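Numbering (our numbering), first residue to last: 17 to 203.
In this text, a Cβ means the ideal position worked out from N, Cα and C, and glycines have one as well.
All values reported here derive from a predicted model rather than from experimental measurement.
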C-alpha cells in the first residue's frame, strides 16, 4: 500500500467509513503488534498496548499532519504506549501477598534509602572540607537554624548584612566541592 493509499484510508476512516477503518487495522495490526512485542511484553500487555495505540489513532484520525505516514505514526505511538506501560509498572509497587507482616508504605524502598544515605555521606564529607567559618555559618542558618539572622550574626560576631553574601559564598563552595569528580572527593 502506498502512502497515498494509506492517506486515503485515513481520510475515509476519519469521515466514518467503517470499511476504510477495517482496512487500516488489517494493514497495520501486525506492525503495532510487532512493535509492542519488541519490548518483550507478555500477550496481555501487548494486547493493552495495541488497544491503546488504536484508541490514540481513533482520537487523532482527523489531526494527523501526514495521513500517508500513518504506519510511522502507529509505530511511534505503539512505542510510546509500551514505554508508558513499563514506566507505570516500575512506579506502582506490586503487593507481595506472601508476606505475613503488613507493608509499611511510609518507609522508602531500600534503593531509595541507599541513594539518600550516599547523598548524605557525600554532603557531610564536603561540608567537613569547608572552612570552619563556613561550617559555623551554614550550621546556624541552614542545618540547625537559630530562628533569625540577628541571632546568627550575634553568635558569629559579624554584621547582620554580611550573612547573606557569606552564606551564598559558602553554599557556592559547598556546591563546587560536591561537583568535583568522586575520586578527588574521597580521602
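Comparing alpha-carbon positions, which option in 138, 60, 99, 48 lies nearest residue 196? 138
Determine, using beta carbons only, whether residue 98 and residue 52 come nearer to each other than 9 Å. yes
Could you tell me whether the stretch 146-164 touches the stretch 174-188, using the rule of 3 or more Cβ pairs below 8 Å? yes
Taking DSSP as the reference, what is the three-state secondary structure of residue 75? helix
Would you kindly report the start and end of the unbroken alpha helix (DSSP H) that includes residue 125? Neither: residue 125 is in no alpha helix (DSSP H) and is coded neither H nor E.
Helix, strand or coil for residue 181 per DSSP? helix
If you check the beta carbons only, do residue 47 and residue 26 fall under 9 Å apart? no
For my contact list, residue 175 and residue 169 are in at a C-beta cut-off of 8 Å; report their separation, rounded to the angstrom. 7 Å
As assigned by DSSP and simplified to three states, the class of residue 56: coil
Tell me the rounded alpha-carbon separation between residue 64 and residue 92. 16 Å
Can you have a look at residue 83 and say buried or exposed, based on whether 16 or more other CB atoms are within 10 angstroms of its CB? buried
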